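Enquirer:
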Amino acid sequence: MEQTQAPARKQRILSGIQPSGTPTLGNYIGAMRNWKLLEDEYDCLYMIADLHAITVRQEPAKLRAQSIQLLALLLAIGLAPEKNVLFFQSHVRQHAEMGWLLNCFTYMGEMSRMTQFKDKSAKHADNINCGLFTYPVLMAGDILLYQANLVPVGQDQTQHLEICRDIANRVNGLYPGVFTVPQGYYPKVGARVMSLQDPTRKMSKSDPDDCFIGILDTPDAVRRKVRRAVTDSDAQIRFDPENKPGVSNLLSILSALTGEDVHAIAESMSGKGYGDLKNAVAEACVETLTPIQDRFNQYMSDKAYLESVYRTGAERAGKMAERTLSKLMKKIGFIAR
Ligand code: TRP
Numbered sequence: 434m435e436q437t438q439a440p441a442r443k444q445r446i447l448s449g450i451q452p453s454g455t456p457t458l459g460n461y462i463g464a465m466r467n468w469k470l471l472e473d474e475y476d477c478l479y480m481i482a483d484l485h486a487i488t489v490r491q492e493p494a495k496l497r498a499q500s501i502q503l504l505a506l507l508l509a510i511g512l513a514p515e516k517n518v519l520f521f522q523s524h525v526r527q528h529a530e531m532g533w534l535l536n537c538f539t540y541m542g543e544m545s546r547m548t549q550f551k552d553k554s555a556k557h558a559d560n561i562n563c564g565l566f567t568y569p570v571l572m573a574g575d576i577l578l579y580q581a582n583l584v585p586v587g588q589d590q591t592q593h594l595e596i597c598r599d600i601a602n603r604v605n606g607l608y609p610g611v612f613t614v615p616q617g618y619y620p621k622v623g624a625r626v627m628s629l630q631d632p633t634r635k636m637s638k639s640d641p642d643d644c645f646i647g648i649l650d651t652p653d654a655v656r657r658k659v660r661r662a663v664t665d666s667d668a669q670i671r672f673d674p675e676n677k678p679g680v681s682n683l684l685s686i687l688s689a690l691t692g693e694d695v696h697a698i699a700e701s702m703s704g705k706g707y708g709d710l711k712n713a714v715a716e717a718c719v720e721t722l723t724p725i726q727d728r729f730n731q732y733m734s735d736k737a738y739l740e741s742v743y744r745t746g747a748e749r750a751g752k753m754a755e756r757t758l759s760k761l762m763k764k765i766g767f768i769a770r
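Laid out in structure tokens, this is it:
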């Protein structure tokens, strides 16, 4: 029999990543490499959140360089631009406009309870700007503009996603059906990679250089950083995050990169020294990162191609975003443009 029914629309996924510094091995293992696995099953958009980046002071040349590098990196990890909409947030004007509209549906009290705002304003006490305060509203707009169903985010963003859902429900209460209320998407496998120098904290690109492995670090840098990673003094290879956070972190990095079970790795290495473990970790990192870096360099040497990717991405994203923005503006009572 002939199929007459149109196929159901795929669920839509949107995520954003800030162009502040190069992503780390932790970003790669915990988030970015999973994105590639979603591209057939879902309708995916990945946005380089450059508007969010300026909530802290940026050096123009550096912001520009990091933004284009991040695009090249998204391609280098294998995201196909035909299947994933890749774009710069600032290229789709609807983000700034939606941000304003949603500011008028968000309360000061809600924003002041955001833990990231408290942390960041302590860290940048000389520049507690309104953008930093209202950052989650801009992020809510990013998500709601595309009627995203699912948002892959790390632990540090769950509060922002919650507020996005609150705003969506509030606006829908006033103007029914404007927004899809999104949910968090948490991949089944996703090891949390910890700092090499303080393995009780998450690996972060804003920490000193020897705490993290950057996706673009040279093999020498990777080996040096892993060799200096904090372990402990009992010289036993065992997976025990509570009592042996450093060693356990190295084991889970190795497990994430090789696909082998973390306990099986620990077992097979028992009796060996920490130096052996570190060598294995460093070589697994280099093996994973080298092909990504090779592709990254190829993309970076083809500026015309990168430009065609981000132009097409912004065009596709802009059309989707405009549909939602104009729907909301009409409901609010603005004269149609
Ligand atoms: N705030 C996110 C971060 O710093 C980045 C981001 C901006 C984002 N807009 C988004 C993530 C929309 C998910 C969805 O990690």
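434 is the number of the first residue of the sequence shown in the numbering used here; add one for each residue after it.
Ideal Cβ positions, reconstructed from N, Cα and C, are used throughout, including at glycine.
Note that the structure is a prediction, hence the values are computed from the model and not measured.
1. If you check the beta carbons only, do Thr-757 and Leu-565 fall under 7 Å apart?
2. In this structure, does DSSP put Cys-597 in helix, strand or coil?
3. Identify whether Phe-550 lies in helix, strand or coil by the three-state DSSP scheme.
4. Can you tell me whether Lys-677 is buried or exposed? The criterion is at least 16 other CB atoms within 10 Å of its CB, across all chains shown.
5. Which residues in the same chain have their Cβ closer than 8 Å to the Cβ of Gly-463, if we skip the five residues on either side of it in sequence?
6. Write down every uninterrupted run of the alpha helix (DSSP H) in the segment 636-705 whose length is 4 residues or greater and which is fully enclosed by it, in chain order.
7. Taking a contact to mean a Cβ-Cβ separation below 7 Å, would you say Leu-571 touches Val-584 in this structure?
8. Going along the chain, which unbroken runs of the beta strand (DSSP E) with 3 or more residues stay wholly within the segment 467-513?
9. On a CA-only basis, which of Asp-653, Thr-488 and Lys-736 is nearest Gln-549? Give me that one, please.
10. For Tyr-707 versus Thr-664, is the C-beta spacing smaller than 7 Å?
11. Quick check on the burial criterion: 16 or more other C-beta atoms within 10 angstroms. Buried or exposed for Cys-563?
12. Output needed for Ser-681: all residues of its chain with C-beta closer than 7 Å, excluding positions within five of it in sequence on either side, in chain order.
13. Can you check which of these residues, Val-714, Pro-569 and Leu-504, is closest to Asp-599 by C-alpha distance?
14. Hey, how far is the Cα of Leu-684 from the Cα of Tyr-618?
15. Ignore the nearest five residues each way along the sequence and tell me which others in Lys-443's own chain have a CB closer than 6 Å to its CB.
16. If you measure between the beta carbons of Val-518 and Arg-744, is that distance less than 7 Å?
17. Determine contact between the segment 513-531 and the segment 482-502, defined as no fewer than three beta-carbon pairs at a distance below 8 Å.
18. Closer than 7 Å by C-beta to Glu-530: which residues in its own chain qualify, once you throw out the five before and the five after it? Chain order, please.
19. Kindly indicate which three-state DSSP category Ser-448 falls into: helix, strand or coil?
20. DSSP on Gly-606, reduced to helix/strand/coil?
21. Residues in the same chain with beta-carbon distance under 6 Å from Pro-514, minus the five sequence neighbours each way, listed in chain order, please.
22. Just curious, the alpha helix (DSSP H) that Gly-751 is in, first and last residue?
23. I'd like the span of the beta strand (DSSP E) that includes Leu-519, first residue to last.
24. Please report the Cβ distance between Ile-510 and Met-480, rounded to the nearest whole angstrom; I am assuming they are in contact, meaning their Cβ atoms lie under 8 Å.
25. Are there any heavy atoms of ligand 1 lying less than 6 Å away from the beta-carbon of Gly-422, as far as the coordinates show?
26. So is Cys-537 buried or exposed if we call it buried at 16+ other beta carbons inside 10 Å?
Expert: Judging by the given coordinates:
1. Here residue 757 refers to the residue found at position 324 when the sequence shown is read from its first residue. Here residue 565 refers to the residue found at position 132 when the sequence shown is read from its first residue. No, the Cβ-Cβ distance between Thr-757 and Leu-565 is not below 7 Å.
2. On the sequence shown, residue 597 is found 164 positions in, with the first residue counted as 1. Three-state DSSP puts Cys-597 in a helix.
3. Within the sequence shown, numbered from 1, the residue matching residue 550 stands at position 117. Phe-550 sits in a helix when the DSSP states are folded into three classes.
4. By one-based count along the sequence shown, residue 677 stands at place 244. Counting Cβ neighbours within 10 Å, Lys-677 comes out buried, since at least 16 surround it.
5. The sequence position of residue 463 within the sequence shown is 30, counting from 1. Counting only Cβ-Cβ distances below 8 Å, and skipping sequence neighbours, we find Gly-587, Gly-623, Ala-624, Arg-625 and Val-626.
6. Within the segment 636-705, the complete alpha helix (DSSP H) segments at least 4 residues long are 652-660, 678-691 and 695-702, listed from N- to C-terminus.
7. Position 138 of the sequence shown, counting from 1, holds the residue named residue 571. Position 151 of the sequence shown, counting from 1, holds the residue named residue 584. For the pair Leu-571 and Val-584, the CB atoms are not nearer than the 7 Å cut-off.
8. Entirely contained in the segment 467-513, the beta strand (DSSP E) runs reaching 3 residues are, in chain order, 476-481.
9. As a working mapping, residue 549 is identified with position 116 in the sequence shown. For Gln-549, the closest C-alpha among the options Asp-653, Thr-488 and Lys-736 is that of Thr-488.
10. To locate residue 707, count along the sequence shown from 1; it is residue 274. To locate residue 664, count along the sequence shown from 1; it is residue 231. Yes, the pair counts as a contact, with Cβ atoms nearer than the cut-off.
11. Working through the sequence shown from its first residue, we reach residue 563 at position 130. With a threshold of 16 other beta carbon atoms within 10 Å, Cys-563 falls short and is exposed.
12. In the sequence shown, residue 681 corresponds to position 248, counting from 1. Only Phe-672, Asp-673 and Pro-674 meet the Cβ criterion.
13. Locating residue 599 in the sequence shown gives position 166, counting from the first residue. By alpha-carbon distance to Asp-599, the top candidate from Val-714, Pro-569 and Leu-504 is Pro-569.
14. By one-based count along the sequence shown, residue 684 stands at place 251. By one-based count along the sequence shown, residue 618 stands at place 185. One C-alpha to the other measures close to 25 Å.
15. Looking up residue 443 in the sequence shown gives position 10. Setting aside the 5 residues that flank it on each side, Lys-443 is surrounded in the same chain by Tyr-475 and Asp-476, each with a C-beta closer than 6 Å to its C-beta; the list follows chain order.
16. Reading the sequence shown from its first residue, position 85 is the one you call residue 518. Reading the sequence shown from its first residue, position 311 is the one you call residue 744. Taking 7 Å as the Cβ cut-off, Val-518 and Arg-744 do not qualify as a contacting pair.
17. The segment 513-531 vs the segment 482-502: in contact.
18. Position 97 of the sequence shown, counted from the start, is the residue given in the question as residue 530. Same-chain partners within the cutoff: Leu-758.
19. Within the sequence shown, residue 448 is the residue found at index 15, counting from 1. Strand, per DSSP.
20. On the sequence shown, residue 606 is found 173 positions in, with the first residue counted as 1. When DSSP states are grouped into helix, strand and coil, Gly-606 belongs to the helix group.
21. Taking the sequence shown and counting its residues from 1, one reaches residue 514 at position 81. Result list for Pro-514: Val-742, in chain order.
22. Within the sequence shown, numbered from 1, the residue matching residue 751 stands at position 318. For Gly-751, the enclosing alpha helix (DSSP H) has its first and last residue at 736-765.
23. Residue 519 sits at position 86 when you count from the first residue of the sequence shown. Per DSSP, Leu-519 belongs to the beta strand (DSSP E) from 517-521.
24. Here residue 510 refers to the residue found at position 77 when the sequence shown is read from its first residue. Here residue 480 refers to the residue found at position 47 when the sequence shown is read from its first residue. About 15 Å; that fails the 8 Å criterion.
25. Limits of the chain in this structure are 434 at one end and 770 at the other, which puts residue 422 out of reach.
26. Along the sequence shown, one-based indexing puts residue 537 at 104. With fewer than 16 other Cβ atoms within 10 Å, it is exposed.
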